[in-house]
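Quick mapping for you: the protein sequence lines, in order, are chains A and B.
Going by full-length UniProt numbering, the first sequence wraps up at 206, each residue one higher than the last.
Going by full-length UniProt numbering, the second sequence wraps up at 206, each residue one higher than the last.
2 protein chains.
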Amino acid sequence: MSFVGSGTAPDQPVRGRPRSEAVERAILEGTMKLLEDGVPLAEISIERIARTAGVGKATIYRRWSGKEELFVDVLRTAEPQDPEQLPGTSMRDDLIVLLESLRQRGLANRSSAILHNVHAQMKSSPKIWAAYHNSVILPRRRAGVEVLRRGQQNGELRADLDVELVNDIIVGPMLVRAVLRPEADLPEDLAERIVDTLLAGLRPVN
Amino acid sequence: MSFVGSGTAPDQPVRGRPRSEAVERAILEGTMKLLEDGVPLAEISIERIARTAGVGKATIYRRWSGKEELFVDVLRTAEPQDPEQLPGTSMRDDLIVLLESLRQRGLANRSSAILHNVHAQMKSSPKIWAAYHNSVILPRRRAGVEVLRRGQQNGELRADLDVELVNDIIVGPMLVRAVLRPEADLPEDLAERIVDTLLAGLRPVN
Numbered sequence: 001m002s003f004v005g006s007g008t009a010p011d012q013p014v015r016g017r018p019r020s021e022a023v024e025r026a027i028l029e030g031t032m033k034l035l036e037d038g039v040p041l042a043e044i045s046i047e048r049i050a051r052t053a054g055v056g057k058a059t060i061y062r063r064w065s066g067k068e069e070l071f072v073d074v075l076r077t078a079e080p081q082d083p084e085q086l087p088g089t090s091m092r093d094d095l096i097v098l099l100e101s102l103r104q105r106g107l108a109n110r111s112s113a114i115l116h117n118v119h120a121q122m123k124s125s126p127k128i129w130a131a132y133h134n135s136v137i138l139p140r141r142r143a144g145v146e147v148l149r150r151g152q153q154n155g156e157l158r159a160d161l162d163v164e165l166v167n168d169i170i171v172g173p174m175l176v177r178a179v180l181r182p183e184a185d186l187p188e189d190l191a192e193r194i195v196d197t198l199l200a201g202l203r204p205v206n
Numbered sequence: 001m002s003f004v005g006s007g008t009a010p011d012q013p014v015r016g017r018p019r020s021e022a023v024e025r026a027i028l029e030g031t032m033k034l035l036e037d038g039v040p041l042a043e044i045s046i047e048r049i050a051r052t053a054g055v056g057k058a059t060i061y062r063r064w065s066g067k068e069e070l071f072v073d074v075l076r077t078a079e080p081q082d083p084e085q086l087p088g089t090s091m092r093d094d095l096i097v098l099l100e101s102l103r104q105r106g107l108a109n110r111s112s113a114i115l116h117n118v119h120a121q122m123k124s125s126p127k128i129w130a131a132y133h134n135s136v137i138l139p140r141r142r143a144g145v146e147v148l149r150r151g152q153q154n155g156e157l158r159a160d161l162d163v164e165l166v167n168d169i170i171v172g173p174m175l176v177r178a179v180l181r182p183e184a185d186l187p188e189d190l191a192e193r194i195v196d197t198l199l200a201g202l203r204p205v206n
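Listed below in structure tokens is the structure:
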């Protein structure tokens with residue numbers, strides 16, 4: 001279980017051991033320190049993290065099932081959080097908030113050499129990538145598809161479109177800029193411009 | 001100079017040394033063999049390639065300025081080529097051909113563990129990535145932006161849109177599916193569906 005993922009949520013039961021949060025923080029920070037020191041992901045073992053954080057291996061295994069889940073939580077602590085609540089005023093507004101949070105992640109990734117490095121290494125490790133995918137990317141995709149379904153219901157989105165494809169159409173341009181083109185502009189109004197351009201279409205209005 | 005990049009083009013001057021193409025092929029195949037054997041990019045030196053290909057180091061350096069350029073040519077040999085000519089019948093048709101070639105690359109990447117692996121490793125090596133970016137990605141972007149400019153001139157594309165952003169809007173969804181979501185569908189009509197959805201816009205027509 002992770003302090004980032006669930007430990008701080010207000011609806012969670014109170015921990016039996018009061019020092020639990022401090023211990024988890026030490027483990028997450030110890031792992032981050034190893035990454036900051038340039039140790040490759042592949043060479044960071046639970047044993048080494050335990051040594052750096054000054055805890056026993058069992059203490060780590062009590063909280064994370066393996067190093068993959070631990071890495072994902074380290075990333076989540078370092079990255080901007082996804083929005084917990086969407087405005088709900090319109091599909092357009094919700095999509096802009098979702099895209100804006102991708103832009104924020106892109107900016108964070110650019111300004112942090114460690115984040116950038118970890119992301120790059122993660123792609124070479126199918127297990128870590130799968131853990132990140134399941135706990136970060138998949139929930140974000142589900143939120144996007146949900147917004148689009150509401151848009152089809154209230155008439156903001158063409159009802160004949162496949163929402164899975166529309167989701168890729170919406171996140172695609174932002175991900176290209178934020179992830180695939182590290183030299184590309186990420187201006188403040190980018191989320192809004194993408195969403196409005198997509199809604200109106202590329203064809204001139206006659 | 002590379003046999004893939006320019007050596008085989010019909011308008012190139014005839015080589016002084018007749019065995020040149022065979023030598024280049026041996027070097028490219030030797031590098032590919034090392035990758036197939038699972039040797040990490042970082043551990044493949046020009047010396048090791050020379051040994052595997054049965055040539056001298058000088059023979060390699062006569063053709064490539066360094067291992068970055070050589071790797072890029074190995075990738076280009078293994079990946080589907082970009083279209084040399086666009087239909088030119090309409091912006092829509094040209095965009096579909098460009099997106100279809102991204103889809104083909106995505107399919108090739110999925111079916112080839114080596115391609116997939118090299119792409120992942122490349123992201124960790126700024127120099128190789130820069131070489132790939134300059135000789136593969138940048139020309140492809142330029143072709144896309146050129147198609148969009150023609151579309152603005154002939155009235156197929158809204159004249160008030162920033163073509164750089166539109167290019168990301170068009171390639172984004174395909175790249176998300178082909179590169180970032182290796183588990184996503186890449187159906188045959190995907191290029192056409194993306195382009196037509198973008199042209200028409202997501203908003204219902206009243």
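Beta carbons: idealized from backbone N, C-alpha and C, even for Gly.
With a beta-carbon spacing of about 19 Å, A:R140 and B:L202 fall beyond the 8 Å limit used to define contacts.
Taking 7 Å as the Cβ-Cβ cut-off, the segment 119-131 of chain A approaches chain B at A120, Q121, K123, S124, given in chain order.
Look at A:P87 here: in three-state DSSP terms it is coil, with no helix or strand label.
Under the three-state reduction of DSSP output, B:N154 falls in the coil class, being neither helix nor strand.
Straight through space, the alpha carbons of A:E164 and A:S112 are spaced by roughly 31 Å. Close partners of A:D168 in chain B (Cβ separation under 7 Å): P173, V176, R177.
Collapsing the DSSP output to three states places B:A143 in a helix.
Under the 10 Å beta carbon count, B:T31 is surrounded by 16 or more other beta carbons and is classified as buried. A Cβ of chain A is located within less than 7 Å of the beta carbon of B:P204. Of all residues in the segment 86-118 of chain A, none places a beta-carbon less than 7 Å from a beta-carbon of chain B.
Counting only the Cα atoms, A:R149 lies some 10 Å from A:L161. Interface flag for B:R76 against chain A is unset, since no Cβ pair is found closer than 7 Å. The C-beta of A:A200 comes closer than 7 Å to at least one C-beta of chain B.
By the rule that beta-carbons nearer than 7 Å mark a contact, A:L157 touches chain B.
B:G106 counts as buried, since no fewer than 16 other beta carbons sit within 10 angstroms of its beta carbon. The C-beta of B:T197 has 16 or more other C-beta atoms within 10 Å across all chains shown, which makes the residue buried. DSSP, read as helix, strand or coil, puts B:K67 in helix.
Secondary structure at A:D94: helix, using DSSP grouped into helix, strand and coil. About 17 Å separates the Cβ atoms of A:A108 and A:E84, ruling out a contact at the 8 Å cut-off.
If you ignore the 5 residues before and after B:K33, its C-beta comes within less than 7 Å of the C-beta of T52, all in its own chain and listed in chain order. Counting other Cβ atoms within 10 Å of its Cβ, B:V205 stays below 16 and is therefore classed as exposed. Counting along the chain, A:G30 sits inside the alpha helix (DSSP H) bounded by residues 20-36. By the Cβ criterion, the segment 180-197 of chain A is in contact with the segment 96-104 of chain A, since at least three pairs of Cβ atoms, one from each stretch, lie closer than 8 Å. By the beta-carbon neighbour count (other beta carbons within 10 angstroms, threshold 16), A:D73 is buried.
Within chain A, no residue has its beta carbon less than 9 Å from that of B:L186; the closest one is some 11 Å off.
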